[in-house]
Amino acid sequence: MAEITFKGVRKHFGDVPVVRGLDLVIRDGEFFTFVGPSGCGKSTILNLIAGLEEATEGGIYFDGEPIAPLSPKDRDVAMVFQSYALYPHMTVYENIAFPLRMKKMKRDAVDEEVRRAADMLGLVSLLDRKPGELSGGQRQRVALGRAIVRKPRVFLMDEPLSNLDARLRVEMRAELKKLHLRLGITTVYVTHDQAEALGLSDRLAVLHRGVIRQCAAPSEVYAEPADTFVAGFIGSPPINLLPGTIREGGEPAVLCNGMTLCPPVKLPPPGGRVTVGIRPEDITVSSPMGEGGAEITVTLLEEAGHFTWVDFRWNGADMKGTAARDANLKADGKGRMSFSPESVHLFDADSGRRI
Amino acid sequence: MTGGEKGNRFVLPAMALLSLVTFYPVVYVVYLSLQRRLVIFDIAEFVGVDNYLFLIQDARFWNALKNTAYFTVLSVSLELLLGLGIALLLNRSFRFRGLARAVVLVPWAIPTVVSAKMWEWMYNPDYGILNYLLGAKINWLGDPFTAIHAAVLMDVWKTVPFAVILLTAGLQIIPQEIMRAARIDGASPCQAFRRITLPLLAPVILVVLIFRTLDAFRVFDSIYVLTGGGPANTTETLSIYAYRVLFQTLQFGYGSALSVVVFLCTGSMSLLYIKMLTRGGR
Amino acid sequence: MTRRVPFYLLLALALAYSAGPFLWQAITSLKPEAELASLPPLLPLRPTVSHYVTVFTRYPFFRIISNSAVVAASTTALSLAVGSLCAFGLSKLRVFRKRLILALVLSVSMFPPIATVSPLFIVIRALGLRDTLFALIVIYTTFSLPLSIWALTNFFDSVPDEIFRAARIDGCGPFQSFYRIMLPLSAPALFSTAILVFIFSWNEFLFALTFTSTAASRTIPVAIALFPGLHEIPWGDIAAASVTVTAPLVMLVIAFQRRIVEGLTSGAVKG
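Chains as they are written, first to last, in the numbering used here: chain H, -10 to 344; chain Z, 32 to 313; chain P, 247 to 517.
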């Protein structure tokens, strides 16, 4: 197990910067996620930790020891890949045993470890099969087995669930979390799926174009996104963003799409331009008969089971909100929309930073 | 790439062999071509471009070049046409298609020398099966006009399978849906072939053309065994002429000059082709 | 059904055209000497194996076949070993001037052999390697390398890189990745390539003709091309010899048609 420290890590491919200055400590035993859209540099960071790529600048340390001189096999890390990367010509048993065999471990000891891992992952009955005969979920387990069998200091996981169908993905997510609780090994996880990041991590870092936009616990990232990018990326469906200005004269307040908002934060000086963010799940749309809130036109209704997603148009702005199942709304009909002032996120219009 | 591991060691043995056995000789052959060299008598003197000056005035060289070009053009175009026809046949589904394909492949696997001997026997003016089947008395290999065409015929037989294989593979990657869509859009089978199959097959046809022209242009063994270049040098190709100068008259200087010319011809053709390929493809 | 008649006719014609000459050679090989000079009948009246007996008793044909077998087998093994190493480097590792190397390899496949035959003759003569199978093996290996390298590089490219990243993390060096992971994975591609290289070296004529002078060191194509005849060309013996050396190839083709097609088309059609 290890604490991973990044000091000023940069990585360029030719002239193209992929990771631009990473300073970060991943704590011992933590489940840490890098999340971001494709091309944000998250997989490269994983490859840097594994030793599959070399940093252009800066260094990475395990428990304070620089790992740059170590080759991938000597770093004592295990990696799970998006495509599983199982060895197609070997059986499940041989796949899991492979890293131990490469360490020249004794046959009996290998056998014991492989069986223990297989037992933990429910693979015992599949040990003689080849990867080609397995389902996606089973292959994923074998890949996990191959990783845990060597009891590494660090687990690296590169979008390990992306190739699974939606149902299995949720199942495996829970299983990964259980596995982490049970083994307590530092895990660095990479995904583009914000739900996975929120659900699995102790802490997560939102990456955009090689830069960390925010690094915090999932609840904090969700509740207090550091900028408009993080706000837009974390949360599904994405947050509603509207332009607003600070009222000149009177109590400090935000004018937004004809509405006056008084969020409980310190506002910039009058006349300043801001971006107002409200999450769809914080907006309640109700029948036009009700009172309070703003009048809107419903454009689309999408049942989500115990509630309904509502696409609506408010003073020319297209937005999304929720409605109770019995809200009695119709597409192209009228409705009323409301949200609490505490749920409003305010960002500087120019820098995009949270206010 | 799998990351930063260096692989120069992996490439080294292959590069060493290629350098020693192909690149070095190509440089050496140019050097030889600037000499008057009789190997057996250990005569070697530098004569500059004399061999090339002689070559320009050598009627036999021009004759060989003409024969080679004629052979190449005729042989490659026939191969392509016949190959396309057979590929279209084999692209239909029928029982024993695998076996039929294997049978079509047979001439490709037969050693060129053996196939030349086989055809020589079939061309035999007195006992040959060809004259028997045609009810004719043609002196196939003895008559200048028929001899070069007999050589073409044999070469086409031997190399059509290559064209068939590539063209069949090309036909198979044309999605069935496109053909069905064309039929629904009202194209007759003929129109569908002309307007859809042929254009989609064009890259493969180009590849066949390239490989086969280069091969036909350096033709040696089939004609050397079939006619020996005769009658009266009417089937003598550049490679055969070069070979005879080298190993029958043992003039290594002039023979090497002839080899260099073959090399330059195929080399410029390859360059042209590589340009066409890189422009046409992706 | 009747609409398919023209199709089957054409197909029959194509098959007869492809197989006919070889079948005719087989028929000829079974005809006694007296019947060779008469047509009709097409088929032998009194089939005989005497030509086959002659081929093996009067000529050093066992020796010649074993020469060809040694040359073709060694070439195949060497070409695959050297070629697969190179292909692995080009496909999965960092190699200096990779594109240039690929272009050079491709250019060699377009070399006319005649352009190298005179310098190689001088070198081989100087090294005293004339009439040795070793010289042929080295030359064939080199000239078959472009084929091996291209076919295998194409195949290796289709094996996902992630597998080799996994192998590196699991403790494989590049060479271990090569022989523990890549080679076992590519058995089919290696086999296709092997067949092609084998047939190439079994059939090669120009170098074999140039670099051998004694009957005992000849390979099959040279022996057949220079078949000795006293007064008349011994067509029956030639036919028997041809059938003997070609039959294994024909069987190879019929058995592994699919593999051969794969080998020949890899790269040419997709790439």
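We put the beta carbon where it would ideally sit given N, CA and C, even for glycine. Keep in mind the model is a prediction, meaning the values are calculated, not measured.
Asked, Found
"DSSP state of residue 450 (chain P) mapped onto helix, strand, coil", "coil"
"Between the CA atoms of residue 144 (chain H) and residue 17 (chain H) - distance to the nearest angstrom", "12 Å"
"For residue 53 (chain Z) and residue 345 (chain P), the rounded distance between their alpha carbons", "19 Å"
"Pairwise C-alpha distance: residue 369 (chain P) and residue 299 (chain Z)", "27 Å"
"Neighbour-count burial assignment, residue 129 (chain Z), 16 or more Cβ in a 10 Å radius", "exposed"
"Residue 288 (chain H) versus residue 230 (chain H) - alpha carbon distance", "18 Å"
"Chain Z residues whose Cβ lies nearer than 8 Å to that of residue 505 (chain P)", "The contacting residues do not exist; residue 505 (chain P) stays about 11 Å from chain Z at best."
"Short Cβ contact (8 Å threshold) for residue 20 (chain H) with residue 179 (chain H)", "no"
"Proximal residues of chain P, C-beta to C-beta of residue 94 (chain H) below 7 Å", "None at all; the shortest Cβ gap to chain P is about 11 Å."
"Coarse secondary structure for residue 483 (chain P), derived from DSSP in three states", "helix"
"Contacts that residue 62 (chain H) makes with chain P (C-beta to C-beta distance below 9 Å)", "414, 415, 416, 417, 418 and 419"
"Any C-beta of chain Z under 8 Å from that of residue 481 (chain P)", "yes"
"CB contact below 8 Å: residue 165 (chain H) versus chain P", "no"
"Among Z:269, Z:224 and Z:234, the one whose alpha carbon lies nearest that of residue 116 (chain Z)", "Z:224"
"C-beta contact flag for residue 153 (chain Z) and residue 161 (chain Z) at 8 Å", "yes"
"Residue burial classification, residue 295 (chain H) (beta-carbon count within 10 angstroms, cutoff 16)", "exposed"
"Residue 271 (chain Z) versus residue 237 (chain Z): straight-line alpha-carbon distance, rounded", "27 Å"
"Range covered by the alpha helix (DSSP H) that runs through residue 178 (chain H)", "Note, residue 178 (chain H): premise wrong, no alpha helix (DSSP H); beta strand (DSSP E) at 175 to 180."
"Closest residue to residue 82 (chain Z) among Z:261, Z:61 and Z:71 (Cα-Cα distance)", "Z:61"
"Span of the alpha helix (DSSP H) around residue 223 (chain H)", "Careful: residue 223 (chain H) lies outside any alpha helix (DSSP H) and carries neither H nor E."
"Where the region 429 to 458 of chain P meets chain H: residues whose CB sits under 9 Å from a CB there", "430, 431 and 433"
"Beta-carbon contacts of residue 188 (chain Z) that lie in its chain and below 6 Å, excluding the five residues immediately before and after", "138"
"Interface flag, residue 42 (chain Z) vs chain P, CB-CB below 8 Å", "yes"
"Short-range partners of chain P found in the region 39 to 67 of chain H, where Cβ spacing is below 7 Å", "39, 41, 61, 62, 66 and 67"
"Where the beta strand (DSSP E) containing residue 7 (chain H) begins and where it ends", "5 to 15"
"Contacting positions in the region 134 to 155 of chain Z - beta carbon closer than 9 Å to chain P", "134, 135, 136, 137, 138, 139, 140, 141, 142, 143, 144, 145, 146, 147, 148, 149, 150, 151, 152, 153 and 155"
"Contacts that residue 310 (chain P) makes with chain Z (C-beta to C-beta distance below 7 Å)", "The contacting residues do not exist; residue 310 (chain P) stays about 12 Å from chain Z at best."
"Where the beta strand (DSSP E) containing residue 265 (chain H) begins and where it ends", "262 to 267"
"Alpha-carbon spacing of residue 296 (chain P) relative to residue 466 (chain P), whole angstroms", "20 Å"
"Euclidean distance between Cα positions of residue 387 (chain P) and residue 447 (chain P)", "8 Å"
"C-alpha distance - residue 152 (chain H) paired with residue 342 (chain P), whole-angstrom precision", "35 Å"
"Candidates H:334, H:122 and H:44: closest to residue 2 (chain H) by CA position", "H:44"
"Same chain, Cβ closer than 7 Å to residue 65 (chain H), neighbours up to 5 away in sequence not counted", "141 and 142"
"Chain P within 8 Å of residue 5 (chain H), Cβ atoms only", "no"
"Any chain Z beta carbon closer than 8 Å to residue 374 (chain P)", "no"
"Simplified DSSP assignment, three categories, for residue 127 (chain Z)", "coil"
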